[in-house]
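The sequence shown begins at 2 in the working numbering and counts up by one.
Glycine included, each C-beta is placed from N, C-alpha and C at the ideal position.
All figures in this text were calculated on a predicted structure; none of them were measured in a lab.
Before any comments, here is the structure.
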Amino acid sequence: MQVDTPRTVAEAVAVQDRLRPLADLVGPGPRRPAMVAGLDVAYAESGDLLAAAVTVLDAATLTVVDRAVSVGRPAFDYVPGLFAFRELPALLAALDGLTVQPELLVCDGHGLAHPRRFGLACHLGVVTGLPAIGVGKTRLVGESAEPGPRRGDSTPLIDGGETVGRVLRTRDGVKPVFVSVGHRMSLDNAVDQVLALTPRYRLPETTRTADRLCRDALAAART
């Protein structure tokens, strides 16, 4: 997969501005995907090495049926709002290593809930053409009321008067996650998919398996 490789902040912002109109934020997207991919990246403490991982899960059983990793250096400096550019080349390389084609990408990060409305999930979705959603552990932008205490309770995430995502409780009494559309998905469907992927824990099984894989790959690369 080809991806733009900006060298400056101005070039990176220009890429986001060019690609943002290509993101399909309506969907509705696959309602019963058979294969769902999780994507995550782990960084060395020094910040000069990363491992990107993709795991593909059978959506019915949540078992891992394929996986791939890519280890390398961050492709861009750390700049708030431009984080995707650090990770995108490695994630795309990992996706290229899969033998099973996923029908949905679940990113450990954000999509529309981004200062320029083009987070990692949007960027990956547009570049790959695959439906994508973002599931963030923490809030990047916006304000919201606290969702109710029960699994499935949610409230809109509002930024600048616009609904950019949903604050979703995936476990009773556990702090919520932040769900946003990336590409070719509706927000309601994104929430439904996240709930289907969180039968036992706060984070989707896609994220949990990809997190373990990229941490193991990073540890192996440093030995």
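What's the gap between the Cα of residue i and the Cα of residue j?
i: S145; j: D41; result: 26 Å
i: P116; j: G82; result: 6 Å
i: R21; j: R213; result: 31 Å
i: A13; j: L198; result: 32 Å
i: E163; j: F119; result: 14 Å
i: P7; j: G174; result: 42 Å
i: D18; j: G130; result: 18 Å
i: G28; j: R223; result: 41 Å
i: L51; j: A221; result: 12 Å
i: L23; j: P200; result: 33 Å
i: E46; j: T139; result: 20 Å
i: D25; j: L96; result: 21 Å
i: R172; j: V192; result: 13 Å
i: R203; j: A15; result: 35 Å
i: T100; j: P150; result: 40 Å
i: A211; j: L196; result: 18 Å
i: D217; j: T64; result: 18 Å
Sort the options by Cα distance to residue i and report the nearest one.
i: T56; options: Y44, D49, V37; result: V37
i: Q102; options: R87, H111, L58; result: L58
i: F84; options: R170, G166, L96, A122; result: A122
i: T207; options: Q194, D217, L219, A218; result: Q194
i: F86; options: T64, G110, P200; result: G110
i: L219; options: R74, V16, D18; result: R74
i: V72; options: G130, L63, D49; result: D49
i: D67; options: G98, D25, A114, L141; result: G98
i: R209; options: A24, G39, P200, G161; result: G39
i: D78; options: V180, T9, Y202; result: T9
i: K44; options: L93, V16, A76; result: Note on residue identity: the sequence assigns Tyr, not Lys, to residue 44. Ranking L93, V16, A76 by Cα distance to Y44 puts A76 first.
i: A11; options: L196, R172, V80; result: V80
So, using beta-carbon positions, are residue i and residue j closer together than 8 Å?
i: V70; j: C215; result: yes
i: G112; j: A91; result: no
i: P34; j: A54; result: no
i: G137; j: G183; result: no
i: P1; j: P177; result: Past the edges of the chain, shown from 2 to 224, lies residue 1, and the structure says nothing about it.
i: D160; j: V142; result: yes
i: E104; j: P31; result: yes
i: L158; j: A114; result: yes
For a cutoff of 8 Å on Cβ pairs, would you count residue i as touching chain D?
i: A114; result: No chain D appears in the structure shown, which is made up of a single protein chain.
Q.
Quick check for students: name the residue ranges of the alpha helix (DSSP H) that lie wholly in the region 29-101, counting only runs of 4 or more.
A. Listed in chain order, they are 85-97.
**Q.** Every unbroken beta strand (DSSP E) within the region 140-215, with a cutoff of 3 residues, ordered by chain
**A.** Those beta strand (DSSP E) runs which fall completely within the region 140-215 and span 3+ residues are 155-160, 163-169, 178-184.
Q: Count the C-beta pairs between the region 122-132 and the region 150-161 that are closer than 8 Å, then say yes if the count reaches three, no if not.
A: Judged by pairs of C-beta atoms under 8 Å, the region 122-132 does not touch the region 150-161, as fewer than three such pairs exist.
Q. Do the region 180-192 and the region 158-170 make contact, defined as three or more Cβ pairs closer than 8 Å?
A. Yes, the region 180-192 is in contact with the region 158-170.
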